[in-house]
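These notes concern the structure reproduced below.
Number of protein chains: 2
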Amino acid sequence: MDSKHPRNPTRSLLLNHARRLFAERGFSAVSMRDIARSVGLQQSSIYNHFDSKQSILIELLRGHMLTLNQCRNDWLSDEVSATEQLIAFTQFHVAYHIDFPDDVFIAYMELRSLEPDNRKALVRLRDEYELSLQAIVQQGVTAGEFQCVDVAVHTRAIIAMLTGVTVWYRHDGRLDKDTVIHSYVTAALQSLGIPANDVAHQHELKKVKHV
Amino acid sequence: MDSKHPRNPTRSLLLNHARRLFAERGFSAVSMRDIARSVGLQQSSIYNHFDSKQSILIELLRGHMLTLNQCRNDWLSDEVSATEQLIAFTQFHVAYHIDFPDDVFIAYMELRSLEPDNRKALVRLRDEYELSLQAIVQQGVTAGEFQCVDVAVHTRAIIAMLTGVTVWYRHDGRLDKDTVIHSYVTAALQSLGIPANDVAHQHELKKVKHV
DNA sequence: GTCTATATCGAGATAGAC
DNA sequence: GTCTATCTCGATATAGAC
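Note that the protein sequences, when read in sequence, are chains A and B.
Numbers 1 to 211, taken from my numbering, label the letters of the first sequence in order.
Numbers 212 to 422, taken from my numbering, label the letters of the second sequence in order.
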């Protein structure tokens with residue numbers, strides 16, 4: 001059935017509008033009528049493209065999680081120091097979260113709206129992502145580059161700190177994207193005991209390499 | 212009407228169960244029947260204690276926000292250095308968030324479920340709390356104790372970092388509450404450029420004073 | 001103050017014409 | 001592939017007996 005092909009334009013439109021609505025109001029508070037009307041269709045027409053409301057959510061969450069891991073792997077290389085890896089991770093994470101805040105918000109809030117099997121698969125992808133940062137932190141602690149009380153707690157602390165950018169960042173706000181990223185890179189590195197002078201130095205190196 | 216007095220036991224029971232259900236499934240996904248059945252009542256009996264579903268949410272959110280600000284004011288004194296204030300704030304914030312994760316989660320997620328007027332009043336209380344941390348960070352930067360790129364961004368970064376404890380902390384987990392708090396105090400201070408040795412020292416001082 | 005019964009509405013999903 | 005019409009269910013809220 002061609003209508004269920006990922007590149008069907010009506011289907012893509014529905015996905016994009018559902019993403020925005022789910023992020024704004026929450027999955028349970030959005031009706032199929034809301035989604036249909038936002039793209040100028042009748043409610044029943046959605047079922048030509050998706051099996052159910054839940055299947056729309058699953059596709060949004062799977063797409064986000066897979067893309068996040070894929071982009072992370074493309075961006076990072078593991079042939080550098082833990083400090084350089086942390087800088088690269090932070091730059092990637094904040095930039096991605098600034099660009100796709102709706103996906104991030106839905107992934108954070110609506111995993112519970114999934115049936116158990118679907119939820120488990122997505123939690124695995126989320127854990128994979130978080131553990132990739134934990135490996136960096138552990139490597140830095142082992143090498144004596146980083147100082148922290150507990151690697152697992154500190155990893156979660158950094159992830160939460162960076163992800164919070166989605167709550168307040170606005171494209172027309174006081175600070176531009178690069179400044180915001182620089183702020184978070186400094187905060188993340190300093191949180192692990194890297195002095196501010198070294199931060200500025202390393203950060204600059206990384207920016208020349210990757211941006 | 213006595214049934215709507217705050218200390219009515221059935222009313223308190225309803226509030227407590229609604230809090231747990233809203234945190235687990237989200238406001239929109241919980242029905243009045245769910246709340247009533249969880250305390251052994253019929254659905255219509257709730258209306259003897261609350262005017263509407265929305266009024267239950269308002270009472271939970273208002274209670275949380277007022278208590279949070281009140282407890283913070285009781286805990287902190289502003290006659291010490293910015294570093295000492297930050298330690299006290301972090302200890303309070305993490306401890307409170309460990310103790311009342313459901314309130315925190317609902318406050319984060321369900322402000323959007325409120326009608327505009329009610330939402331505005333609560334956003335004001337939330338901002339008041341966040342600005343109290345921003346004042347500490349600003350004081351530390353001005354005094355040369357703290358290093359950061361942008362005070363507002365770094366304040367939000369710290370709040371998000373600390374609040375994240377609600378996502379993963381379990382009372383029967385690997386780490387006890389004091390160790391978790393110590394981890395976050397270290398992370399917060401280091402993020403502002405305070406060296407780890409000083410952190411251990413100051414933190415100990417603070418613990419002796421307050422615990 | 002709790003109950004049963006009911007009103008009114010909107011939800012997700014399906015059937016079948018075009 | 002979209003439409004209209006409809007099914008079935010459960011939602012919030014109210015009325016009135018006890």
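We put the CB at the ideal spot given by N, CA and C, even for glycine.
Thinking just about the alpha-carbon of each residue, which of the options is nearest to the one in residue i?
| i | options | result |
| --- | --- | --- |
| B/A399 | B/H382, B/C359, B/N284 and B/D262 | B/C359 |
| A/R152 | B/S288, B/G375 and B/T221 | Note that residue 152 of chain A corresponds to Ala in the displayed sequence, not to Arg. Among B/S288, B/G375 and B/T221, the Cα nearest to that of A/A152 belongs to B/G375. |
| A/D102 | A/H171, A/K4, A/A23 and A/L131 | A/A23 |
| B/R222 | B/M243, B/L252 and B/H260 | B/H260 |
| B/F311 | B/F238, B/R236, B/H382 and B/L386 | B/H382 |
| A/F92 | A/P195, A/H182, A/I194 and A/L192 | A/H182 |
| B/L232 | B/A247, B/R218 and B/P220 | B/A247 |
| A/Q43 | A/L131, A/A18, A/N73 and A/Y169 | A/A18 |
| B/D361 | A/R126, A/L41 and A/L175 | A/L175 |
| B/K331 | B/M276, B/A368, B/I347 and B/R283 | B/M276 |
| B/C282 | B/D262, B/E295 and B/V305 | B/V305 |
| B/S266 | B/D328, B/S288, B/W286 and B/F316 | B/D328 |
Please list the partners that residue i has in chain A, where partner means a Cβ-to-Cβ separation under 9 Å.
| i | result |
| --- | --- |
| B/T374 | A160 and G164 |
| B/R248 | The contacting residues do not exist; B/R248 stays about 18 Å from chain A at best. |
| B/V434 | Since the first residue shown for chain B is 212 and the last is 422, residue 434 of chain B is missing from the structure and cannot be characterised. |
| B/A240 | G26, F27, S28, A29, R112 and S113 |
| B/A229 | The premise fails here: B/A229 is roughly 16 Å from chain A at the closest Cβ pair, so nothing lies under 9 Å. |
In chain A, which residues lie with their C-beta within 7 Å of the C-beta of residue i?
| i | result |
| --- | --- |
| B/V391 | V153 |
| B/Y395 | A157 |
| B/V360 | H182, S183 and T186 |
Anything in chain B within Cβ reach of residue i, meaning under 8 Å, just list it in chain order.
| i | result |
| --- | --- |
| A/W168 | R367 |
| A/R112 | E235, R236 and G237 |
| A/M109 | G237 and M320 |
According to DSSP, simplified to helix, strand and coil, what is residue i?
| i | result |
| --- | --- |
| B/A346 | helix |
| A/G140 | helix |
| B/L403 | coil |
| B/P217 | coil |
| B/V422 | The pLDDT assigned to B/V422 is 34, lower than 50, so where the model puts this residue is not dependable, and the model offers no usable value. |
| A/Q147 | coil |
| A/Q43 | helix |
| B/H260 | coil |
| A/G63 | helix |
| B/D314 | helix |
| A/L86 | helix |
| B/H382 | coil |
| B/L287 | coil |
| B/V241 | coil |
| A/L114 | coil |
| A/D176 | coil |
| A/S81 | coil |
Do residue i and residue j have their C-beta atoms closer together than 8 Å?
| i | j | result |
| --- | --- | --- |
| A/E128 | A/A82 | no |
| B/V250 | B/L225 | yes |
| A/L133 | A/T166 | no |
| A/V185 | A/I98 | no |
| B/S239 | A/G26 | yes |
Since I believe residue j is in contact with residue i (beta carbons under 8 Å), could you give me their beta-carbon distance rounded to a whole number of angstroms?
| i | j | result |
| --- | --- | --- |
| B/A371 | A/A160 | 5 Å |
| B/T423 | B/L373 | Chain B is shown from 212 up to 422; residue 423 of chain B falls before or after that span and cannot be answered. |
| A/L212 | A/E115 | A query on residue 212 of chain A cannot be resolved here, the shown segment of chain A reaching from 1 to 211 and no further. |
| A/K53 | A/M32 | 6 Å |
| B/R273 | B/L342 | Rounded, the Cβ-Cβ distance is 19 Å, inconsistent with contact. |
| B/R336 | B/N284 | Correcting the residue type first, residue 336 of chain B is Leu in the shown sequence and not Arg. In fact, because the Cβ distance is near 12 Å, the residues do not count as touching under 8 Å. |
| B/I369 | B/Q296 | Actually they do not touch by this definition, with Cβ atoms about 13 Å apart. |
Starting from the beta carbon of residue i, find every residue of chain B whose beta carbon is closer than 7 Å, and list them in chain order.
| i | result |
| --- | --- |
| A/V137 | By Cβ distance, chain B contributes nothing, its closest Cβ being about 11 Å from A/V137, past 7 Å. |
I want to verify the contact list: residues of chain B whose CB lies under 9 Å from the CB of residue i, in sequence order.
| i | result |
| --- | --- |
| A/N175 | Inspection of the sequence shows that residue 175 of chain A is occupied by Leu rather than by Asn. Correct list: D361, A363 and V364. |
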